[in-house]
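J.:
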Amino acid sequence: MTTPLPLLLGMSAALFSLGLMAVLSRRHAIFILIGIEIMLTAANLNFIAFWRYSPQPQPTGVMFAIFSIAIAAAEAAVGLGFVIIVYRHYKTTEVSKLNKLKG
Amino acid sequence: MTPWIVSHLWLIPAAPLLASLLILCFATEKRIFTVILAITGQVFALEISGHAFFQTLCNPGVHDFHNFTWFIFGETPLRLGWLLDPLNAAMLVMITLVSLCIFIFSVGYMKDDPHFNRFFTFLSLFSAAMLGLVIANSLLLLFICWELVGLSSYFLIGFWIHRPSAAAAAKKAFITTRIGDIGFFLGLLWLYGKSGTLLFYANGEGCLEHAALLSLGGSVTVIALLIFCGAAGKSGQFPLHVWLPDAMEGPTPVSALIHAATMVAAGVFLVARMYPLFSFGAIHGVTPSLQTVVWIGTITSVMASLIAIAQSDIKRILAYSTVSQLGLMMVSLGVGGMAAGIMHLLAHGFFKALLFLGAGSVIHGCHHGQDIRKMGGLQRLMPVTFATYAIGMMALSGFPLLFSGAWTKEEILHATWLWPVSVVPHLLMLAGVFLTALYMTRQMAYVFFGKARDKNSLHAHESPRVMTIPLIVLAVCAVLFSIVLTPAWPWLESYLTGEHIPGHFGAIFQPMVFFSVLLVGAGVWVGMRVYSNAGKADPLQESQPEVFRFLENKMWIDEFYEHTLLKWSADAARLADWMDRRIWDGFVRAAAGAGRLLAYATSNFDQGGINIGVDQGCDTTQDLARAVSAWHSGNIQNYLRAIGLGTLALLILYLLLG
Numbered sequence: 005m006t007t008p009l010p011l012l013l014g015m016s017a018a019l020f021s022l023g024l025m026a027v028l029s030r031r032h033a034i035f036i037l038i039g040i041e042i043m044l045t046a047a048n049l050n051f052i053a054f055w056r057y058s059p060q061p062q063p064t065g066v067m068f069a070i071f072s073i074a075i076a077a078a079e080a081a082v083g084l085g086f087v088i089i090v091y092r093h094y095k096t097t098e099v100s101k102l103n104k105l106k107g
Numbered sequence: 004m005t006p007w008i009v010s011h012l013w014l015i016p017a018a019p020l021l022a023s024l025l026i027l028c029f030a031t032e033k034r035i036f037t038v039i040l041a042i043t044g045q046v047f048a049l050e051i052s053g054h055a056f057f058q059t060l061c062n063p064g065v066h067d068f069h070n071f072t073w074f075i076f077g078e079t080p081l082r083l084g085w086l087l088d089p090l091n092a093a094m095l096v097m098i099t100l101v102s103l104c105i106f107i108f109s110v111g112y113m114k115d116d117p118h119f120n121r122f123f124t125f126l127s128l129f130s131a132a133m134l135g136l137v138i139a140n141s142l143l144l145l146f147i148c149w150e151l152v153g154l155s156s157y158f159l160i161g162f163w164i165h166r167p168s169a170a171a172a173a174k175k176a177f178i179t180t181r182i183g184d185i186g187f188f189l190g191l192l193w194l195y196g197k198s199g200t201l202l203f204y205a206n207g208e209g210c211l212e213h214a215a216l217l218s219l220g221g222s223v224t225v226i227a228l229l230i231f232c233g234a235a236g237k238s239g240q241f242p243l244h245v246w247l248p249d250a251m252e253g254p255t256p257v258s259a260l261i262h263a264a265t266m267v268a269a270g271v272f273l274v275a276r277m278y279p280l281f282s283f284g285a286i287h288g289v290t291p292s293l294q295t296v297v298w299i300g301t302i303t304s305v306m307a308s309l310i311a312i313a314q315s316d317i318k319r320i321l322a323y324s325t326v327s328q329l330g331l332m333m334v335s336l337g338v339g340g341m342a343a344g345i346m347h348l349l350a351h352g353f354f355k356a357l358l359f360l361g362a363g364s365v366i367h368g369c370h371h372g373q374d375i376r377k378m379g380g381l382q383r384l385m386p387v388t389f390a391t392y393a394i395g396m397m398a399l400s401g402f403p404l405l406f407s408g409a410w411t412k413e414e415i416l417h418a419t420w421l422w423p424v425s426v427v428p429h430l431l432m433l434a435g436v437f438l439t440a441l442y443m444t445r446q447m448a449y450v451f452f453g454k455a456r457d458k459n460s461l462h463a464h465e466s467p468r469v470m471t472i473p474l475i476v477l478a479v480c481a482v483l484f485s486i487v488l489t490p491a492w493p494w495l496e497s498y499l500t501g502e503h504i505p506g507h508f509g510a511i512f513q514p515m516v517f518f519s520v521l522l523v524g525a526g527v528w529v530g531m532r533v534y535s536n537a538g539k540a541d542p543l544q545e546s547q548p549e550v551f552r553f554l555e556n557k558m559w560i561d562e563f564y565e566h567t568l569l570k571w572s573a574d575a576a577r578l579a580d581w582m583d584r585r586i587w588d589g590f591v592r593a594a595a596g597a598g599r600l601l602a603y604a605t606s607n608f609d610q611g612g613i614n615i616g617v618d619q620g621c622d623t624t625q626d627l628a629r630a631v632s633a634w635h636s637g638n639i640q641n642y643l644r645a646i647g648l649g650t651l652a653l654l655i656l657y658l659l660l661g
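If you read the protein sequences in the order shown, they are chains A and B.
For the first sequence, this note's numbering begins at 5 and goes up steadily by one.
For the second sequence, this note's numbering begins at 4 and goes up steadily by one.
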């Protein structure tokens, strides 16, 4: 008995929406980063799901997922670095206050 | 085929010109550089002049020219050229030799002057212009160099620019010679209009050749007289002589080079060069233009020697003596032909440069005192200067046998005696000989004999060798030059005219010679008697105060000009000024008012029409920009929200449209 594909896709979509909500509504930069990670996880889940249900024998989807996780780790490190620099500079991590580029 | 030297005659003026430019551009505090450049330029010019002279010696009566096209004016080519004939070859050697001596003398004379480099720049420029004038085979090229000579003379008279009197003298010299040059220029234009060429010689097409002279017809006299105006201005002939004595404000080497030996001789040279024009159609050697030359020369000569008697500035006496000698040259050109005048010019170039340099040496020795009444007794203190000055003085007064001035003067006296028109010039020339001896003796008596009249002359010193050696060289020239002038061996005359003239040894002892010796002797004797024991006051002043005052003030000629010509010209200027202010100004103001009215009308259109349109366009753009820029809140989450909404909208659209 295997889990049907639509269920997995639905879960992925739910995770993505959750992440997007976090990115759009949280004020704290670190929470936004967490939201982005959640959205990435949703994408990875899609890769695995489609690979699992495809007739192809090669592990392409898994490879993609592994790459994507590695890149996500690097991206998280860079993102956290940015947050630290921003904090040092502005003494805050609230994104709504970082509006120096307004027109 | 013209010889190499003829087509390369331009090298002669080019050398000093190059030296002048190099000094101007690269001169530094180190004076030795300037000295080397200036003197190298002169030596080079002398060297080439020597070549040219040698060329004319090898081919007697040579008349070589090298013409070239300067530029083409529509269809008409404008041609210039160089000429080599005995007349200018002799002039070249005299000028370069005298200038070389004067350049060397100047090194000593100007050694304390802060503007040493400027002096040599101008002196070299002058030398270049003068040499260019002499070699020209075109009246236009001659005129160009003529004006350059005038310009550098202006620079050098006003060399000590901090003295107002020097600036005034420079201005006076420039303007007075310019008055003569207007005549010269008109004559030049007229000649060009009639003959169509300004080249002197061009294989029968030149303006001094028979065909062109024939085509001039009756205007030949007028043209000659107009050209003589220029010559009279440059050579200080009455009534344009007033600038020359004032020109003594320049440094003494300048007076020697420009205002005694070379530049003032340019007028005489011009008449000699244009002699075919002056003498065209002569009957017994007399034409109306030559008669004018003779009379002007006679008046100038006698007037200047009279004035010289009552002057007290050592250089001014020499200046009036120069004016008088130039008059003499003009007379001899007028009565005796080209050769006699040029012979006197050459001899005069040597001994007058000698006298001026001697005067410079005296001035230098007496700590820049120039008043002869304060000098005296310099005979013992400055022996070299005394000896050379005495030679110059004897050459100028026409002392017989040994000195160059004697033979040329005798020649002139002889020629005036034979002049068919009138005997007056001859008598006046005889008076001139007597007066010359008299004023030169007066000067010698004051400067070198007797006791010192002032502490400056008591402590006078002999000049350094760099100044005395040029004096000795010039003195030797003044004496040796007489060898080629004697009637016993008239080498120079036959060289200049290109004809063989047999020598008469007996001609040395003809009556005219004795007569002139008698006159010179009388002049010297009277001079010694009157002036040898003179005190600070002049004996003539004591016995004849009115006459002395008249002569001392230069016959009031300057004052006469001031009250007539200068006043009239000032009145004319004032009238023009009034017209400018009252009449022409009105027209100008009316035109300006019309312009302003037009501007006012158009300004309304600008303000109301164009300006407002542009302003509104600007405002709209600005408002739009402001509205758009408000979207950029700088809040990154807003941007993301917008992106999210946009994606959602696209997605919905995709689903709906399938």
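Idealized CB from N, CA, C, for every residue including glycine.
1. In terms of DSSP beta bridges, what is SER572/B paired with?
2. Please confirm if GLN625/B has its CB atom under 8 Å from at least one CB of chain A.
3. Taking CB distances under 8 Å as the criterion, tell me whether SER100/A reaches chain B.
4. Consider the Cβ of VAL27/A: report whether some Cβ of chain B lies at a distance smaller than 8 Å.
5. At a cut-off of 7 Å, would you count MET385/B as near the ligand FMN, judging by its Cβ distance to the nearest heavy atom?
6. Whose C-alpha, out of GLU413/B, PHE56/B, LEU24/B, ARG376/B, is nearest the C-alpha of ASP67/B?
7. Please report the distance separating the alpha-carbon of GLY649/B from that of ARG30/A.
8. Around the Cβ of TRP85/B, are there at least 16 other Cβ atoms within 10 angstroms (buried) or fewer (exposed)?
9. Keeping to the same chain, check which residues put their C-beta closer than 6 Å to that of GLY526/B; ignore five residues upstream and five downstream.
10. Could you tell me which residues DSSP pairs with ASN70/B in its beta bridges?
11. Nearest-angstrom Cα distance between SER282/B and THR200/B?
12. Can you round the beta-carbon distance between HIS244/B and ALA307/B to whole angstroms, since I take them to be within the 8 Å contact cut?
13. How many whole angstroms separate the CB atoms of MET251/B and ARG166/B, which I take to be in contact at a CB cut-off of 8 Å?
14. So if I threshold CB-CB distances at 8 Å, which residues from the segment 627-639 of chain B count as touching chain A?
15. Could you pull out every residue in the same chain whose Cβ sits closer than 8 Å to the Cβ of GLY453/B, ignoring the five residues on either side in sequence?
16. Can you tell which of PHE35/A, PHE86/A, ILE52/A has the C-alpha that lies nearest to the C-alpha of SER16/A?
17. Does any residue of chain A bring its CB to less than 8 Å from the CB of ARG644/B?
18. Can a CB atom of chain A be found closer than 8 Å to the CB of GLY668/B?
19. Any beta carbon from chain B within less than 8 Å of LEU24/A's own beta carbon?
20. Are the C-beta atoms of LEU19/A and some chain B residue less than 8 Å apart?
21. Sort out for me which residues DSSP pairs ILE475/B with in a bridge.
22. I'd like to know if LEU105/A contacts chain B, where contact means its C-beta is closer than 8 Å to some C-beta of that chain.
23. Let me know the secondary structure DSSP gives THR96/A once reduced to three states.
24. Using the Cα positions of TRP298/B and ILE560/B, report the straight-line distance between them to the nearest angstrom.
25. Would you mind sorting ARG599/B into buried or exposed? The rule is 16 or more other CB atoms within 10 Å of its CB.
26. Using a C-beta cutoff of 8 Å, does GLY647/B count as contacting chain A?
27. Are there three or more Cβ pairs, one per stretch, closer than 8 Å when the segment 222-235 of chain B is compared with the segment 183-190 of chain B?
28. Run through DSSP, which three-state label would ALA205/B get?
29. By how many angstroms is the C-alpha of ASP588/B removed from the C-alpha of PRO80/B?
30. Am I right that LEU716/B and LEU433/B are in contact with their C-beta atoms under 8 Å? What's the rounded C-beta distance?
31. Which residue marks the beginning of the alpha helix (DSSP H) containing GLN240/B, and which one marks its end?
32. Smallest Cα separation from ALA92/B: which of PRO117/B, PHE74/B, GLY53/B?
33. So, at 6 Å on beta carbons, what are the nonlocal neighbours of TRP73/B in its own chain, with the 5 sequence-adjacent residues on each side left out?
34. Since ASP618/B is in the alpha helix (DSSP H), which residue starts that stretch and which ends it?
35. Under 8 Å, do LEU336/B and VAL271/B count as touching if we go by C-beta distance?
T.: Looking at the coordinates:
1. Its beta-bridge partners do not exist; DSSP assigns none.
2. no
3. yes
4. yes
5. Looking for the ligand FMN in the displayed structure turns up nothing, as the structure carries no ligands at all.
6. PHE56/B
7. 20 Å
8. buried
9. PHE437, ALA440, LEU441
10. GLY84/B
11. 19 Å
12. 7 Å
13. About 12 Å separates the two Cβ atoms, so there is no contact after all.
14. VAL631, SER632, ALA633, TRP634, HIS635, SER636, GLY637, ASN638, ILE639
15. GLY379, GLY380, SER535, ASN536, ALA537
16. ILE52/A
17. yes
18. Within the shown structure, residues of chain B are numbered from 4 to 661, placing residue 668/B beyond reach of any answer.
19. yes
20. no
21. BP columns for ILE475/B are empty, so no partner.
22. yes
23. coil
24. 18 Å
25. exposed
26. yes
27. yes
28. coil
29. 44 Å
30. Because chain B is modelled from 4 through 661, residue 716/B falls outside the range shown and cannot be assessed.
31. Run containing GLN240/B: none; DSSP gives neither H nor E here.
32. GLY53/B
33. LEU81, LEU83
34. 615-634
35. yes
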